[in-house]
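Read through the structure below, which is laid out as structure tokens, and then see the notes.
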Amino acid sequence: MADFSKYFLMKEPDVIEYARLKVPQKEWDADTMTCKEIGDGNLNYVFKVQDAKGHSVIVKQAGVSLRISEDMHIDTDRNRVESEILILQGKLAPGYVPEIYCYDTVMSTCCMQDLSDHAIMRTAMLEHKTYPKFADQISTFMAQVLMGTTDVVMDHQEKKALQKSFINPQLCDITEALVYTEPYNDEQGRNNVYPPNAEFVKEHLYENDPLKLEVAKLKMDFMTNAQSLIHGDLHTGSIFINDESTMVFDPEFCFYGPMGYDIGNVIANIIFAWCNGDVSEDLNFCKWTESVIVDVINMTMDKLGKYFDEHVTDTMCKTPGYKEYYLSTILADTSAVTGLELIRRTVGMANVKDLTTIQDEQKRTRAERICITAAIDYIMNRADKHCGKCFLNTLKDAVKTVDA
Ligand code: SR1
Ligand code: MG
């Protein structure tokens with residue numbers, strides 16, 4: 029029987045033993061404990077352990093190589109980073125992240141609250157389910173965590189200590205490559221370009237120097253603007269949802285970066301959901317996703333502003349006009365990242381089912397072109413997107429351009 033004093037990649041029977049040992053507070057019924065690997069992400073192994081008495085836990089282990097590619101190796105310390113940030117986010121935004129019961133730096137494993145009464149949001153989006161409380165809830169989470177970790181409100185030395193402990197260079201390296209580089213040149217030959225769009229991608233991305241110039245500026249900003257402790261991968265696969273609640277998980281890409289990175293990721297992934305609904309002409313679903321785009325932008329900006337007013341400590345940031353300037357830079361970053369995420373998930377290495385499951389060739393080709401066309405506008409004209417409606421109009425304009 030393993031005593032878990034040395035790292036190894038666990039199989040289901042090991043995880044049962046692990047949960048029994050590390051999460052004793054669940055008072056397990058040992059004879060009826062079962063375990064299933066349920067992970068479908070790109071990086072880690074996720075197990076659900078339960079017993080017949082209704083106890084359950086999620087056990088997440090970081091493997092040495094990534095699930096998406098055996099050639100890619102990342103420090104298994106990412107599991108500690110993820111556990112520690114979830115604990116911190118739980119303090120800043122109670123009820124918006126799963127509870128961490130324990131984490132273990134030897135096995136690179138953490139045990140957390142089972143959220144089986146929620147669905148993974150991307151799965152729910154593929155079923156065209158709607159969640160009226162989502163925009164309000166995700167905007168509260170983002171405003172509290174993002175503004176709550178800035179120099180505007182935090183003691184600057186405490187902020188720098190946080191920045192140091194969440195430096196996360198290997199995971200940032202992935203984002204710098206997969207989001208900010210390869211979609212514009214395929215320099216590693218690992219882009220997944222849908223063949224009917226190969227010429228379109230060449231013309232609009234690989235040979236688009238003005239676009240590449242803007243992406244270069246954004247890349248350096250991503251790498252140097254230590255604004256907030258961001259989630260770093262806030263797509264619909266990192267969100268659990270049901271009618272009542274929204275819970276954010278999987279923050280292993282977190283680091284101190286521009287907060288527009290998180291907000292833009294949410295918007296882009298709602299646009300992917302919209303594309304999927306549009307293909308099957310699900311008007312009700314599309315209408316809801318459109319309202320989410322508008323509301324997430326407006327509510328998040330509103331709540332960031334309120335949080336700023338209520339918690340600002342830096343005396344210079346209290347200067348009249350600074351808050352408005354600060355928020356306008358966040359909105360521009362949000363627009364740019366909406367575009368970057370749309371592009372990288374369409375043509376890069378890590379794609380989204382919202383697009384890849386579209387069976388009809390013409391419809392998928394069109395959906396991808398809408399994403400790329402809107403994305404270029406979000407990036408190039410990022411300073412002009414002043415409100416939620418502007419974000420929605422960009423999508424609508426892209427549809428008209430592609431259909432013309
Ligand atoms: C190699 S990891 C590919 C992608 O999966 C993660 O969820 C991140 O989005 C990353 O870019
Ligand atoms: Mg993930």
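Using this note's numbering, you'd call the opening residue of the sequence shown number 29 and step up by one each time.
Cβ atoms here follow ideal geometry from the backbone N, Cα and C, with glycine treated the same way.
Among the bridge pairs identified by DSSP, Leu-359 is matched with none. Cβ neighbours of Asn-379 within its own chain (closer than 8 Å, five residues either side excluded): Asn-220, Arg-373. A direct Cα-Cα distance of roughly 41 Å separates Asp-31 from Tyr-289.
In the DSSP assignment, Gln-78 falls within the beta strand (DSSP E) that extends over 73-78. The shortest CA-to-CA distance from Leu-190 to any of Tyr-234, Gln-117, Cys-138 is the one to Gln-117.
A distance of 9 Å or more separates the beta carbons of Phe-300 and Ile-195. A residue is called buried when at least 16 other Cβ atoms come within 10 angstroms of its Cβ; Val-43 meets this threshold and is buried. Ser-256 is bridged by DSSP to Gly-285.
When the Cα atoms are used, His-156 and Glu-369 turn out to be separated by approximately 21 Å. Each of Arg-218, Leu-355, Glu-186, Gln-89 was checked against the Cα of Ser-136, and the nearest Cα belongs to Gln-89.
According to DSSP, Cys-130 shares a beta bridge with Cys-139. Judged by their CB atoms, Asp-142 and Leu-246 are not nearer to each other than the 9 Å cut-off.
Going by C-alpha positions, Thr-328 is about 17 Å away from Tyr-159. Contact check for Val-294 against Ala-395 fails: the beta carbons are separated by 9 Å or more. For Ile-267, the enclosing beta strand (DSSP E) has its first and last residue at 267-269. Phe-36 sits exposed, since fewer than 16 C-beta atoms from the chains shown fall within 10 Å of its C-beta.
When secondary structure is reduced to three states using DSSP, Ala-147 falls in the strand class. Straight-line spacing of the CA atoms in Asn-297 and Ala-226 works out to 22 Å. Judged by DSSP in its simplified three-state form, Met-377 adopts coil rather than helix or strand.
Taking the Cβ atoms as the reference, Phe-162 lies roughly 27 Å from Arg-397, outside the contact range of under 8 Å.
Annotation: Pro-122 to Glu-112 spans about 15 Å, alpha carbon to alpha carbon.
Between the ligand MG and Ser-93, a heavy atom-to-CB distance of less than 8 Å is absent. Taking 9 Å as the cut-off, the beta carbon of Met-408 is found closer than this to the beta carbon of Leu-239. With respect to the C-alpha of Leu-94, the residue from Thr-357, Ile-202, Asp-323 having the closest C-alpha is Ile-202.
The alpha-carbon separation between Ser-144 and Leu-241 amounts to approximately 44 Å.
Three or more Cβ pairs drawn from the stretch 176-183 and the stretch 336-354 lie within less than 8 Å of each other, which places the two stretches in contact.
Ile-102 places its beta carbon 9 Å or farther from that of Leu-114.
Cβ contact annotation for Thr-104 (same chain, cutoff 8 Å, sequence separation greater than five): Tyr-35, Ala-90, Gly-91, Val-92, Ser-136, in chain order. Inclusion of Gly-69 in the 8 Å shell around the ligand SR1 follows from its C-beta lying nearer than that to a non-hydrogen atom of the ligand.
DSSP places Gln-89 inside the beta strand (DSSP E), whose first and last residues are 84-89. Counting every other CB atom within 10 Å of its CB across the protein chains shown gives Gln-172 a total of 16 or more, marking it as buried. Less than 9 Å divides the Cβ of Ile-386 from the Cβ of Asn-304. Put simply, the backbone Cα of Glu-204 is about 14 Å away from that of Ile-371. In terms of Cβ geometry, Phe-75 and Cys-200 do not form a close pair [threshold 9 Å].
Rounded to whole angstroms, the separation of the alpha carbons of Arg-108 and Val-134 is 10 Å.
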